[in-house]
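Beneath this line is the structure, given in structure tokens, with notes to follow.
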Amino acid sequence: MIQDVVLRVRVSTPARRTESPVCHQCQIPLDLHQPVPDRPGEILGTCPVCGGWHFLRLDDNGHARLVAHLPLGDLDSPG
Ligand SMILES: [Zn+2]
1 MIQDVVLRVR VSTPARRTES PVCHQCQIPL DLHQPVPDRP GEILGTCPVC
51 GGWHFLRLDD NGHARLVAHL PLGDLDSPG
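Residue numbers (our numbering): 1 to 79.
Structural data, given as structure tokens:
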């Protein structure tokens, strides 16, 4: 079965370009992963402490311009 689920996503925009993207919960630098090599401007960041997943959109220089924490735990009990 496929159903629509509404999630509240927390988004940040790193203030400084030199800033490493951090976990929204732990403020720990994220481990970065590139799941789709053909889309270098979109990567995944996982937190080594809490395991949280973040979607990151990068600018042309590889700096994060948007970090969105994905509330995957909320998928366990969709409203
Ligand atoms: Zn974390």
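We treat Cβ as the ideally placed atom computed from N, Cα and C, and that holds for glycine.
Cβ-based neighbour list, residue i, same chain, cut-off 6 Å, excluding 5 preceding and 5 following
i	result
Q34	I43
V11	A68
Contact test: residue i Cβ vs ligand 1 heavy atom, cutoff 7 Å
i	result
Q85	Examination of residue 85 is not possible in this model, given that the chain is present from 1 through 79 alone.
V49	yes
G52	yes
I28	yes
Residue of the options minimising C-alpha distance to residue i
i	options	result
S20	P71, V9, D74 and R57	R57
T46	F55, P14 and V5	F55
W53	P71, D60 and R16	P71
G83	D59, V5 and I2	No answer is possible for residue 83: it lies beyond the span of the chain, which begins at 1 and ends at 79.
Alpha-carbon to alpha-carbon, residue j and residue i
i	j	result
R39	N61	14 Å
G51	I2	26 Å
L32	P14	15 Å
7 Å CB neighbourhood of residue i in its chain, flanking five on each side removed
i	result
I28	V22, C47, P48 and V49
D4	none
Counting Cβ pairs, one atom from each stretch, are 3 or more of them under 8 Å apart for the stretch 17-33 and the stretch 64-76? yes
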